[in-house]
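In what follows, a single structure is set out as C-alpha cells and then discussed.
Protein chains in written order, with our numbering: chain R, 2 to 633; chain P, 2 to 633.
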C-alpha cells in the first residue's frame, strides 16, 4: 500500500512536511465524513496539526504490533473526532484509504462513529465525554506502578469536556500518583456543540485550574507546528513528579474559510460541494505515509501473567457468622498471589474489606479516595493493559459511575466491581447509603455478570470466578454477618443456583439471595411447622440466571415467592420472570416481595419487616399463594 | 421548652457564648450518637464551632416558618455529620432534647442517619458525598435568578468530598453564574473514613483550586470563634460576582483528647464510658437556646405560582413525520407560559430541542454545559424552591448522573428528566451515544415515572403531564421523525396505554413504544396480510404500567411479543412481565425482543434488523408463537 506514498520518517521529517501531514489529516477527515454523511469534521480539523506532530515525531508505537507492551498509548477523549483518528490510522498505514472512505460509520465496519476497541489500536471506547482522560490515568498508573515500562499515555481532550467533574478527578489522581508519563492535550477550539464553551479561549483560566490540580502546564498555538513540536518534546521528557497538560489554542474547522471558527458546524459533515471547495483550499488530497518512532521492544507477553503463586482460597466453618463483605476481603487477599490481580477502592476499604488486600499487596492496591468515576475508569484502564482489577465501594455509590460502567462494557473491559452495604439490611445509616438500584443498573449493562452471594463460602468462590470472567462482573455483598451455609469446596458456577431443600411434595418455591435467602430459610421452617413443604433456592447468580432450575421449580411447585432487598424493578425478581417467560411460564403463581417503600433508619429486622421482605412476610405470601389454590 | 434555657440572641451573643454553644453541639452530638449506638460524632465535633457561629450570629432563618421564601438555606453536604445538624436543631428550639436522644437513627423517626426532607428544615437529602454543594448551587441559582430574594445558601462540606468531580462542576457553575449568595464552608479536618485525606491540612492547595474555579476564598481557624465570625460576616456581604469558599482548618473529634485528630474514629459512636469522659472534658451538658436572625419576610407563597398565563400545547397533523424530541421542545416552550417551569440542558439543547424554550424564555433557561451531574443537581435544587424543572440531555448521558437521580428521589424532588437519542435507532453515532440502559435505570428509582412516547401528540401531552407529576419523571425521546399517530386532544394519562387495534379474533398482541411501536404496526400489517389478526399496544407509560389492559390482552390473545430498543434487562419487557406476574400470568406465551447484541454504527434499519427488533423480526416472533399453538 505504501509503495507510491512519500514516507515521513520521524528522524528526518521537516516542519513543512508535518504541516502537509496536518492538511492531509484535515482533507481525509472531510472526505471520510462527507462520504459517510455524518460525523464531526470541524472538531477533527482543529486538532489535525497536533496529531500530525504527535504521530510524525513523538508517539512511540509499533503499528504492526499493537499488543507490544512498550507502545505509547493514544486516546481520543474527544471521541467524536474519530475522522481525525482514523485519518491518522491511514497516515501510518494501519488502514487503507478505501476502508476509510467506504467503512466510516457504515454498518459492520470497525470504523465506528466513535472509537471502540474493535480496532486493535484503541485502548478504550470514548464518545461519552470526560472518560478518555480518566481511563488514560488508569493506563498511566499501570505503566508506572505495574508494568514499569517507559511508555507514555497521550490523551487528546476537547475543551467542552473540561466541564465534566470526572476530568478533575482524573487530573487530581494523576498528580497524586505522580504520573509524569501522562500527557494531556486539550484542543481549545472555543466552540462546543451549540455555541461557545464556558471558558472560550481563556487559556490562562484552564492553566490555573490544571496547575492547581497539580499538573505541569504548557500553552501552545495549536496550529504552529514548531511550537507544538517543542512542547511535545518537553512533555515527552517526563517531569519527575507531575502529569503534563498542553493547552493548545486552536480553531474549529481550521483550514477551510467557510467554516473556520464559525458556530453551527458541530457534528455536521460538509455537503459535497463544500467538501470539494474545502479540499481545494486545503491544497488537495495527499498520500503521505508516516514512519514514526517505535518503542524499544519490551519482550513482555501480550497480557501480564498471573505468575506461579498458588491461590489458596479462604475456608469457613458452617454455621459461623461471617459477612460476605468480609469474605470478599479474604478472597481478594488470597487472589493476591496472582500477579495480574490488582485492587482499588473509594476510600471505604475498611468497610468493603478491600483493606485486607491493601495491607498484603500495597504495591498492587490503589486508593482512589471518594471519586467513584475515577475508581471505575482506573479499573477500565488497568483492564486495557491486561490486569484483572477489583474495584470496590458501597453498592449505592457505584451509581455515581454508571456511565463509566456502561462505557466499560463498550470498551470490552474485563473488570470486577464489588458493591458492599447492599439494601435496607444496613439499617441505621438510612437510604442514601442503601444500594437499592444496583442490581437493575448492573443487569442492564451489556454482557455483564451479576452475583449476589448469601454466605462467605459462596462469596469467596464467586470472587475467584470473577477474576477470570470476561466483561463487567458485579458482586453484591452484605453488611451484616450471617451463618455460613455451604461447606468448603462447594462449587458455585456462574449461571447456577443452589436448591437448598427440595422434595416432590413441595408446594411453593422461595427464591432469594443475600439477606433474603436467610429470611427464605426461616420462612421455610415456619411453613414446615404448618405442614407446608417449601423449596428454597439461593439465586447467587442473578445474571446469567439458571433458567432451567427456575423453570423446573415453577413447574414442580406451581408457586414462586421472589424476595429481594432491592427496589422492585430490574432486580432478582424480574430476572426470574424474564427467565420463566423465555421458557413459557404456564400457570405459575408468583408473589414478588421487594423494597417498594422509601426506607428510613432502623434496625435490620425493623426495616425488613416494614418493607415486607422478612421471613414472616415470605411465609405469609407463600400461604396466600397456596390458599389461592394451585393454578391451572 | 425554652423556659429554663439561656437565650442567645444574635445581636448580643458574645464570642464566649458561641464557644459554649460549640461545646453544647459537641456534647449533644456525642450524646445522640452514643444513645443511638451509631453515627459520626467526630465528624460533627470538627465543625461544631463553625455551626455555632453560623446559627448564633449569621444564618437568617425563621425556625417557626421553614417555608418562608426569604429564609437562608443550610445544607450539610457532609450529611454524615447529622448529629451536629440535629444538635443545631435542638439549639434553635426546633427539636426537643428528648427527640434528639430517643429518635436519632431509630425506626420511624424523622432524625434519620443522614438528613432527608422528612425534616421541614432540610432542603435536600445528603449522605452520598459531593451532592449537597451541587444542589446548593441549584438553590442559589434560584435565589439569584428566579426568586430574586436576598437569601444566602450556606453549605457545609467535608474535605474528603472535595475529591468528587461533582464538587468542581458545582463551583465552576457557581462562578459562571456569579452566585455571590453561595457560601461554601469546607471543614478541613484532615481525616477521612480510613485515613488521611489526599490534601491533608494543605489549605493553600484547596485555596488555589477554588480560586482557579472562580471562587473568593477565605481561610480560617475553624476553632477560633472570632476568626470564624469575621469570615462569615465578610462572606455574608456578597461579593458582586463570585461564590465564597471558606476553608476552615479543624480537628476531627475536636474537644475530646482521646479521639481528637486521631485515626480510627470515623463513623463510630463513643462507648458509654468514653462518652461520659468526653462530656466532662467538654464542660458538661448545656441547654443554650439560640434566638438567631430572621429574614425580612418576603410575603411570597410557599411555592412559586404558575401564574395566569394560558398554556397552549402544540398540535400535530396525523401522518406528518415529527420526532418526539422535537415535540418535547415544542411542548416545553408552550409550558413556558407557566412561571414555575424552568429548563436546563447539558450543552446539547439543539439536539434535545430544549433550545426552543431557551430562545423563548432565556431568563428561565440554564445552560449547564457538559456536566450532567450538575444538570440534575440543579434541577433538584430548583425543586427544593418549588420550581418545576425540565432537565435534558442524551438518554445515554443521564447515566452520568444516576447517583444524583437516586438521591433526588430521597430528596422528594419533583423533577422532569428528558433523555433524547434513545437506543440503536440513532444509527451511525455508535453505542457510546445510544441510551440502552435508561429505562432500567429510571424504573429502579423509587417513586419514579417513566414515559416513552411514540409520536409527537403523545410526547407533547406527556410533557404537560410531567409538569405536575410528583417525584422523578423521565421522558424518553427518539432521534428520528416518525408519523404522528394520534389526533390533537387525545388523552395520555400517566399509567395508561393505547390499544391501536383490537378485535376478538386477535391471536397475538404486539407491545412496543417509540420506534418499536412503529415496527409493531408494520408487523401487524404484514401479519394481517397472512390472515393473522394482531393487537398492537403503545406502551407509552412504562412506569406505572397499565396492568389491567396488558392482562386483558394476555388473556384474550394468549400470546405477547414485547419489543424494545433497550437492553433486555429492566426495561419495557420486564415491566410487562412484572405487571402480568402480579395478575397471575396463566398460560401466556411471551417473546421478548430487545437489543441483546453490542451495536455498532449503521443505519436505523440495519441496526434494528441486526438486533432483531425490526418489523420482520416482530412478525416472525408472532408467527413462531402462533405456530407453537395456543398454550394451555
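We treat Cβ as the ideally placed atom computed from N, Cα and C, and that holds for glycine.
Let me know if residue i comes out buried or exposed under the rule of 16 or more other beta-carbons within 10 Å of its beta-carbon.
i                      : result
residue 14 of chain R  : buried
residue 285 of chain P : exposed
residue 281 of chain P : exposed
residue 92 of chain R  : buried
residue 631 of chain P : At residue 631 of chain P, the pLDDT of 43 sits below 50, so the modelled position is not reliable and the matter cannot be decided from this model.
residue 72 of chain R  : buried
residue 194 of chain P : buried
residue 322 of chain P : exposed
residue 97 of chain P  : exposed
residue 3 of chain R   : With a pLDDT of 44 at residue 3 of chain R, under the threshold of 50, the modelled position of this residue cannot be trusted; read the value that follows with caution. When all chains shown are included, residue 3 of chain R counts as exposed.
residue 198 of chain R : buried
residue 353 of chain P : buried
residue 21 of chain P  : buried
residue 504 of chain P : exposed
The alpha helix (DSSP H) with residue i in it runs from where to where?
i                      : result
residue 52 of chain P  : 49-54
residue 209 of chain P : 204-213
residue 178 of chain P : Segment: none, residue 178 of chain P is in no alpha helix (DSSP H) and carries neither H nor E.
residue 359 of chain P : 356-361
residue 83 of chain P  : 83-92
Among the options, which one has its Cα closest to the Cα of residue i?
i                      : options                       : result
residue 591 of chain R : R:622, R:248 and R:348        : R:622
residue 232 of chain P : P:51, P:414, P:596 and P:504  : P:51
residue 115 of chain R : R:77, R:269 and R:237         : R:77
residue 351 of chain P : R:266, R:97, R:28 and R:301   : R:266
residue 316 of chain R : R:309, R:432, R:325 and R:553 : R:325
residue 412 of chain P : P:569, P:364 and P:122        : P:122
residue 593 of chain P : P:604, P:108, P:605 and P:625 : P:625
residue 616 of chain R : R:527, R:548, R:598 and R:596 : R:527
residue 373 of chain R : R:25, R:85, R:170 and R:301   : R:170
residue 177 of chain R : R:66, R:241, R:456 and R:435  : R:241
residue 307 of chain P : P:220, P:340 and P:49         : P:340
residue 302 of chain R : R:150, R:397, R:211 and R:131 : R:150
residue 454 of chain P : P:535, P:158 and P:327        : P:327
For the beta strand (DSSP E) containing residue i, list its first residue and its last residue.
i                      : result
residue 77 of chain R  : 74-77
residue 516 of chain P : Looking at the DSSP string, residue 516 of chain P is not in any beta strand (DSSP E); the run it does join, the alpha helix (DSSP H), is 516-530.
residue 368 of chain R : 366-368
residue 226 of chain R : Taken as a continuous stretch (DSSP letters only), residue 226 of chain R belongs to no beta strand (DSSP E), being part of the alpha helix (DSSP H) at 226-237.
residue 249 of chain P : 245-250
residue 342 of chain P : 342-346
Under the assumption that residue i contacts residue j (Cβ atoms under 8 Å), give the Cβ distance between them as a whole number of angstroms.
i                      : j                      : result
residue 119 of chain P : residue 175 of chain P : Rounded, the Cβ-Cβ distance is 28 Å, inconsistent with contact.
residue 441 of chain R : residue 571 of chain P : 5 Å
residue 573 of chain P : residue 582 of chain R : Actually they are not in contact, since the Cβ atoms of residue 573 of chain P and residue 582 of chain R sit about 13 Å apart, beyond 8 Å.
residue 46 of chain P  : residue 255 of chain P : 5 Å
residue 508 of chain R : residue 560 of chain R : 7 Å
residue 124 of chain P : residue 88 of chain P  : Between residue 88 of chain P and residue 124 of chain P the Cβ distance is about 19 Å, and since that is not below 8 Å, they are no contact.
residue 304 of chain R : residue 409 of chain R : With a Cβ gap of about 17 Å, residue 304 of chain R and residue 409 of chain R do not count as contacting.
residue 608 of chain P : residue 428 of chain P : 6 Å
residue 539 of chain R : residue 511 of chain R : Wrong, their Cβ atoms sit about 10 Å apart, outside the cutoff.
residue 515 of chain P : residue 458 of chain P : Going by Cβ atoms, the distance from residue 515 of chain P to residue 458 of chain P rounds to 14 Å, so no, they are not a contact pair.
Quick check: is any heavy atom of the ligand NAD less than 6 Å from the C-beta of residue i?
i                      : result
residue 355 of chain P : No copy of the ligand NAD appears in this structure; indeed no ligand is present at all.
May I ask you to verify whether the region 419-432 of chain P touches the region 364-383 of chain P, counting CB pairs closer than 8 Å and requiring at least 3?
These segments do not touch.
If contact is defined by three or more beta carbon pairs under 8 Å, each pair taking one atom from either stretch, is the region 8-27 of chain P in contact with the region 239-250 of chain P?
They do not touch, by the three-pair rule.
Say whether the region 592-608 of chain P touches the region 594-607 of chain R, bearing in mind that this needs 3 or more beta-carbon pairs closer than 8 Å, one atom from each stretch.
Between the region 592-608 of chain P and the region 594-607 of chain R, the count of C-beta pairs closer than 8 Å stays below three; the two stretches do not touch.
Any contact between the region 468-485 of chain R and the region 469-486 of chain P? By contact I mean 3 or more CB pairs, one from each, below 8 Å.
At 8 Å Cβ cutoff, the stretches do not touch.
Please confirm if the region 390-405 of chain R is in contact with the region 77-86 of chain P, defined as three or more CB-CB distances below 8 Å between the two stretches.
They do not touch, by the three-pair rule.
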